[in-house]
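Keeping their order, the protein sequence lines are chains V and E.
When the first sequence is numbered by this note's numbering, its final residue is 1307 and no position is left out of the sequence of numbers.
When the second sequence is numbered by this note's numbering, its final residue is 1307 and no position is left out of the sequence of numbers.
2 protein chains.
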Amino acid sequence: MIKEKVLQSVELLREFGVDCWITFTRESGINGDPCLPFLAPGELTWHSAFIISADGRRKAIVGRWDAQAIEETGAYDEVTGFVTSFKEPFQAYLKALNPARIAVNYSTSSEVCDGLTHGLYLTLVELLSAIGMADRLVSAEQIVSALRERKSAAEIARTREAVRVTEEIFALVRPVIQPGTTERAIAAFILAEMERRKSQTAWGQATCPSVFSGPDTAEAHYAPTGRTVKPGHLLNIDFGVRSDGYCSDLQRTYYLLRDGEATPPESICKALAAVTSALESARHAMKPGAQGIEVDTAARKAITRAGFEEFPHAVGHQVGRFVHDGNASLGPAWEKYGRRPFQRLEENMVFAVEPRVTVPGHGIVTIEEMVLVTRHGAEWISTPQKELLLVR
Amino acid sequence: MIKEKVLQSVELLREFGVDCWITFTRESGINGDPCLPFLAPGELTWHSAFIISADGRRKAIVGRWDAQAIEETGAYDEVTGFVTSFKEPFQAYLKALNPARIAVNYSTSSEVCDGLTHGLYLTLVELLSAIGMADRLVSAEQIVSALRERKSAAEIARTREAVRVTEEIFALVRPVIQPGTTERAIAAFILAEMERRKSQTAWGQATCPSVFSGPDTAEAHYAPTGRTVKPGHLLNIDFGVRSDGYCSDLQRTYYLLRDGEATPPESICKALAAVTSALESARHAMKPGAQGIEVDTAARKAITRAGFEEFPHAVGHQVGRFVHDGNASLGPAWEKYGRRPFQRLEENMVFAVEPRVTVPGHGIVTIEEMVLVTRHGAEWISTPQKELLLVR
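Laid out in structure tokens, this is it:
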């Protein structure tokens, strides 16, 4: 897949009119550029540069110990493994290449396009100043963004497999949810099922799975507690797995019936209807060319139209090698989201959509599904939750 | 431990004469600052700032979903959880604080002090420009470096535990090494023992453990191959575990006797003597106030004095939350090592020392041990390999 993505990047350089794209890193196990899995099979120790040119040349300059593994990807036509100095081979290659514009991985608006640390940026400026090229640096945001977002058939297949594993575990956890069980025990069951399948969690284990219940929950991004699951409460489970490098992210909502209750209270049923309607509204608004803000607005309106308070976050985000991936996002025009809600959707983007409604006295209704943008619209790649999962 | 390290950082701000230290991050699961494990118990999603002041004030501004977990560390006297805008609470707090110098996490010479991405640096400059403070930014390298390097008793205890687990697995793997076994099978055995102990690898699983043998090996940083272990060859195993966040890093060398051979060839015995002598020379040169380059030179001379070619890397590196940690390193004055070999050693630093000699026709002799810098010298925290581990 490395060779496939490196060749795709050559096409992107041509599309965006950039001569040369440099990914520059060191000790990538510590603060590696999120681009690296597309460019190299493992960690890089010393200063390393992957230099892709619009004319098709693909060069890697890496420490001697890392050279063999890079060569074997077949993605580069020249690999230099240095021992004492990165500077010499790097400056010599750039001088000969003489690119007019050099794109590097920084971005104020997208963390996945922002892999270059400020210290490495300063190092690069110094290296390029000495050969009169420091003023040629531009952001590689467009290139990196498209490389992550336009998923190949192989990348989509890996995502579907992650969704399949997640749904399989959701089916198994259902009988575990009983009044008196703790949030922590439910989370432990899910983690054990992931381990049995040798699946990694899609994000940090402290909150993956996230299990929260009742009206007093911290709601999300908070580790499962010793709180017991109680009749009359809503329970939410949010988790994903990483399968061959690609993530899933799904949420399901459960309701614990009280003694004598056959169906959930009216307020909860109304909340469920608002959330499922928001999900469908979002999917209908998704197609190549649409902006994320249009999708967020469609979902948000479905919630407020039903008389509920709007959710305090974007309705959706891209999913890829990270659970929050890509640049385009399905969000409102809030300052913290920057330009991301205004990016246009493209074919083969993968999103998670997660509207939410709080029901006073009971907890939260939140369902998260995954969607693939197709040529003319969008299709679910998870099996949407239509009804509350009832626990008697 | 978060509270302990945050309070230590207040002392460091006073020692280095900086009013305020800001760790600024977003989506820390993607390219999180390596400082974060000292400051927060889990991942941060939205723009987040940890603002420590020399006057003792400790403030966190984080997304609403992350606030509760940060509060519960007890390390901060004020936690703000925002929903739509990071900018407002951040600018308001800084305006009131009005620090003369603001240290942030970038460094050209040390990756563990270089957690701020260039995109976030630009964001910070923009946020601070609006309140007339952009020209107050300085590198936090000294603070971050000392915070990582001056290990507390609790941090040293965790490191010792990681070494203990590694040595336990080294003892178990010995009978597995037989002529005809593949490098990959040996690595798989070690990984399975780590999994059984629920230990993480100290670095990426592709090369941890690293198992390499014979005269044709890529030597290191290269995944174990299907090559079989052969009589007359040297075999090297390099691995470490992460125990409660703290790493070990040890290497051992084995020799496979040929039919009729009772001891290894003379050339290998001489190489072993040179390597063990280099290790002892390095440890003797280590004490508070010494420079890493002095330690490297002592070890390097032991190798060249014995008639071998010098090793093409620094003789040692610090170990901590990462297998390559800290700023001071035991290296030669090569350009790529920058100022690191000239930093002075301090009490409670932890190093791995790894001299190496190539023996033509047989492979490599390389032994790696771990050392703690004490008040007046340095002591092994691993049990040094004195003899080749012979396989009959």
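Each residue gets a CB set at the ideal place from its N, CA and C atoms; glycine is no exception.
Model, not experiment: these values are computed from the prediction.
{"query": "Chain-ordered chain V contacts of Leu1037 of chain E [CB-CB under 7 Å]", "result": "Thr1023"}
{"query": "Chain E contact for Arg979 of chain V (CB, 8 Å cutoff)", "result": "yes"}
{"query": "Through-space distance from Arg929 of chain V to Met1201 of chain E, alpha-carbon basis", "result": "54 Å"}
{"query": "Whole runs of the beta strand (DSSP E) within the stretch 1133-1219 of chain E, excluding any shorter than 3 residues", "result": "1149-1154, 1156-1158, 1165-1171"}
{"query": "Val1088 of chain E, enclosing alpha helix (DSSP H) - first and last residue", "result": "1068-1088"}
{"query": "Whole-number beta carbon distance between Phe997 of chain V and Gly978 of chain V, since they are thought to touch under 8 Å", "result": "7 Å"}
{"query": "Limits of the unbroken beta strand (DSSP E) element including Trp1295 of chain E", "result": "1293-1295"}
{"query": "Pick from E:Ile967, E:Asp1029, E:Glu993 that is closest to Arg1016 of chain E, judged by C-alpha positions", "result": "E:Ile967"}
{"query": "Alpha-carbon to alpha-carbon, Pro952 of chain V and Gly1226 of chain E", "result": "What sits at residue 1226 of chain E in the sequence shown is Phe, not Gly. Rounded to whole angstroms, Phe1226 of chain E to Pro952 of chain V spans 30 Å at the Cα level."}
{"query": "Contacts that Arg941 of chain E makes with chain V (C-beta to C-beta distance below 7 Å)", "result": "Glu1026"}
{"query": "Unbroken alpha helix (DSSP H) run spanning Arg929 of chain V, endpoints", "result": "917-931"}
{"query": "Three-way DSSP call (helix, strand, coil) for Ile1017 of chain V in this model", "result": "strand"}
{"query": "Integer Cβ distance of Ala964 of chain E from Ile985 of chain E, believed to fall under 8 Å", "result": "Contact doesn't hold; Cβ gap of about 11 Å is too wide."}
{"query": "Closest residue to Ile1279 of chain V among V:Gly1253, V:Val1126, V:Ser1022, V:Asp1050 (Cα-Cα distance)", "result": "V:Val1126"}
{"query": "Identified DSSP bridge partners for Glu1283 of chain V", "result": "V:Gln1166"}
{"query": "Distance CB(Thr1143 of chain V)-CB(Thr1096 of chain V) smaller than 8 Å", "result": "yes"}
{"query": "Pick from V:Ala1177, V:Ser1297, V:Gly1141 that is closest to Gly1155 of chain V, judged by C-alpha positions", "result": "V:Ser1297"}
{"query": "C-beta atoms of Leu1187 of chain V and Leu1305 of chain V nearer than 8 Å", "result": "no"}
{"query": "Inter-residue spacing [alpha-carbon to alpha-carbon] between Ile1152 of chain V and Arg1198 of chain V", "result": "22 Å"}
{"query": "Spatial distance of Lys920 of chain V from Ala969 of chain V (CA atoms)", "result": "14 Å"}
{"query": "CB contact below 8 Å: Gly1175 of chain V versus chain E", "result": "no"}
{"query": "Three-state secondary structure assigned by DSSP to Ser1244 of chain E", "result": "strand"}
{"query": "Beta carbon proximity, Leu1031 of chain V to chain E, threshold 8 Å", "result": "yes"}
{"query": "Of the listed residues V:His1033, V:Met1048, V:Val1274, V:Asp1029, nearest to Gly1222 of chain V (C-alpha basis)", "result": "V:Val1274"}
{"query": "Cβ-based contacts, 9 Å cut-off: residues of the stretch 1269-1295 of chain E near chain V", "result": "none"}
{"query": "Bridge-paired residues (DSSP) for Glu993 of chain V", "result": "V:Lys974"}
{"query": "Ala1107 of chain V, DSSP secondary structure in three states", "result": "helix"}
{"query": "Endpoints, alpha helix (DSSP H) assigned at Val1238 of chain E", "result": "Note, Val1238 of chain E: premise wrong, no alpha helix (DSSP H); not H, not E."}
{"query": "Residue burial classification, Gln1120 of chain E (beta-carbon count within 10 angstroms, cutoff 16)", "result": "exposed"}
{"query": "Beta strand (DSSP E) segments (min. 3 residues) lying fully within the stretch 1247-1275 of chain V", "result": "1265-1268, 1271-1274"}
{"query": "Inter-residue Cα distance where the pair is Thr960 of chain V and Pro1256 of chain V", "result": "36 Å"}
{"query": "Per-residue burial, Thr1132 of chain V [other beta carbons within 10 Å of its own, 16 or more giving buried]", "result": "buried"}
{"query": "Residues in the stretch 988-999 of chain V having any Cβ partner in chain E nearer than 9 Å", "result": "Phe997, Val998, Thr999"}
{"query": "For Leu1305 of chain E: DSSP bridge partner residues", "result": "E:Tyr1170"}
{"query": "Anticipated Cβ contact below 8 Å, Val1268 of chain E with Glu1284 of chain E, distance rounded", "result": "6 Å"}
{"query": "At least three beta-carbon pairs within less than 8 Å, the stretch 943-952 of chain V to the stretch 1013-1032 of chain V", "result": "yes"}
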